[in-house]
Amino acid sequence: MLKFDSQGLIPAVIVDDTTGDVLLVAFMNQEAYQLTRQTGQTHFFSRSRNKIWHKGEQSGNMQEVRDIFINCEENSLLIRVQQHGEAACHEGYHSCYYRRILPDESYETVAERIFDPEDVYVSEQSEDEPVIPEDGQSQTPLELEQALRRLYSVYVLLRDEDHTTTSNTSRLLHEKNHSFLVGRLADELGELVGVQTGEHVHTGVQEDTTLEGSQVGYWLFLLAAINQMEYDDFNPHAAILQGFIAQYSENQVNELRQKAVEALSSQESTQYVRGLTAGFALIGWACVSAGISPLAPVEYDLVQMRRKGLVE
2 MLKFDSQGLI PAVIVDDTTG DVLLVAFMNQ EAYQLTRQTG QTHFFSRSRN KIWHKGEQSG
62 NMQEVRDIFI NCEENSLLIR VQQHGEAACH EGYHSCYYRR ILPDESYETV AERIFDPEDV
122 YVSEQSEDEP VIPEDGQSQT PLELEQALRR LYSVYVLLRD EDHTTTSNTS RLLHEKNHSF
182 LVGRLADELG ELVGVQTGEH VHTGVQEDTT LEGSQVGYWL FLLAAINQME YDDFNPHAAI
242 LQGFIAQYSE NQVNELRQKA VEALSSQEST QYVRGLTAGF ALIGWACVSA GISPLAPVEY
302 DLVQMRRKGL VE
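Numbering (the working numbering), first residue to last: 2 to 313.
This is the structure in structure tokens:
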């Protein structure tokens, strides 16, 4: 008998029956599982949209089920499929696992992109990693990455140019007081977690999560910038999305919080990336906990930057 978790979900690992490649990992509820059995094509449950989605419903890259296996504890599935269409990943790759993690925790793309997601998902939400912002408009991981890259470029600008007389952020970047920045990050991580537990309240959970999430991102970006890190060295969008879908327990949240502070205190490059990743993952966790898009804190910061004339 299938054992669904407390939210009524079970993870499913989707494998290409021809190549043996792992194509993606998604969740099913009872209805999605039954639809998969009845139709012979994979259906999943989107936690962010709170609805069933049929794999390939937009792209046409549907998956025909060949076999379904269950693990020893009956709490996860492995489904072998015939992939119709070369790309199973909504980012346009054959598999969602198209990047290798290098020793320094940066990513290396090892596969060729088959299609441009902007050409396929023109007006609707991407189907494999859907994200719903507060205003209900569709957003994708690609848009999150673009927004974060734009935001980080401001920190790099304020680091490389002297705006200390008009910008406190530029002053902090030129002072390079590492211990101060880590201390402030620790404070903001505590407040971000406190919003979700009800211990830190200003206006409301969603508004407070947007504010505190932006503050955590602020200190993380400062720490990345003073260490001359390139965006691709730590890929914050990937970490945020990881936190958004991970379903962390209370213990895992506390461990990530501690890990972020300890790893960033070391200033050793590999540990540093791990610390940044942990911090950004907590932003994603807080966003899904509060029921907001992971884009919300980033867009909040971009609004502030536009008011200051730092981005268009």
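We treat Cβ as the ideally placed atom computed from N, Cα and C, and that holds for glycine.
For lysine 52, the closest C-alpha among the options Thr167, Asn178, Ala33, Thr37 is that of Ala33. A buried status is given to arginine 258, since no fewer than 16 other beta-carbon atoms sit within 10 Å of its beta-carbon. In the DSSP assignment, lysine 52 falls within the beta strand (DSSP E) that extends over 52 to 55. In the structure shown, histidine 44 adopts extended strand secondary structure according to DSSP, grouped into three states.
Counting of Cβ neighbours within 10 angstroms places lysine 56 among the buried residues, the total reaching 16 or more. The beta strand (DSSP E) runs of length 3 or more contained entirely in the stretch 148 to 218 do not exist; there are none. For leucine 242, the uninterrupted alpha helix (DSSP H) run begins and ends at 237 to 246, by DSSP. Annotation: the continuous beta strand (DSSP E) that includes methionine 29 extends over 23 to 29.
Look at the beta carbons and you see the stretch 202 to 219 not touching the stretch 242 to 255: under three pairs across the two are nearer than 8 Å. Taken through DSSP and simplified to helix, strand or coil, phenylalanine 116 comes out as coil. Under the DSSP assignment, isoleucine 293 falls outside any beta strand (DSSP E); it carries neither an H nor an E label.
One Cα belongs to valine 196, the other to valine 304, and the distance between them is close to 22 Å.
Ranked by Cα distance from leucine 182, the first of Asp161, Gln216, His91, Ala240 is Gln216.
Counting C-beta pairs with one atom in each stretch, the stretch 284 to 291 and the stretch 260 to 267 have fewer than three that are closer than 8 Å, which means they do not touch. Counting C-beta pairs with one atom in each stretch, the stretch 67 to 76 and the stretch 89 to 101 have fewer than three that are closer than 8 Å, which means they do not touch.
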